[in-house]
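J.: Residue numbers (the working numbering): 76 to 178.
Positions of the beta carbon are idealized from the N, C-alpha and C atoms, including for glycine.
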Amino acid sequence: MILLSHEFVTRGQIEHYCRQHDIRPKVLMKANFLSAVLEIVHHTQLTTLLPSNIVSNRDKLIAIALAPSLFQRTAVLLQRKGAYQNAATKAFIQLAHQHYESN
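1) Can you tell me where the alpha helix (DSSP H) holding residue 115 begins and where it ends?
2) So does the segment 158–178 actually touch the segment 123–143, counting three or more Cβ pairs closer than 8 Å?
3) What is the DSSP secondary structure of residue 78, reduced to helix, strand or coil?
4) Going by DSSP, what residue range makes up the alpha helix (DSSP H) through residue 135?
5) Figure out for me which residue from 109, 167, 89, 139 has the closest Cα to the Cα of residue 101.
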């Protein structure tokens, strides 16, 4: 396998998942760039673990779902306390709230 380096949060989540399920992958390479990981997987026999949305637009790669699922990602909107919000920011926050409430 090739995995992202430890600087990526995804790597920590992958290692946690592997420990939880008593999986010991043989990691032959690590990379600091997502594009490098994808190119190496594309041109070698190595595999990797990445969020599924990364391969959704890549014709030469396939995603094989893990069971149980690896992890769910949560997004947060961060801003400085008391920061000015322009009209676009306010609209985005409102849209995000509406989307969250509808799901």
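T.: Reading from the atomic positions:
1) Run containing residue 115: 109–118, per the alpha helix (DSSP H) assignment.
2) no
3) strand
4) Note, residue 135: premise wrong, no alpha helix (DSSP H); not H, not E.
5) 89
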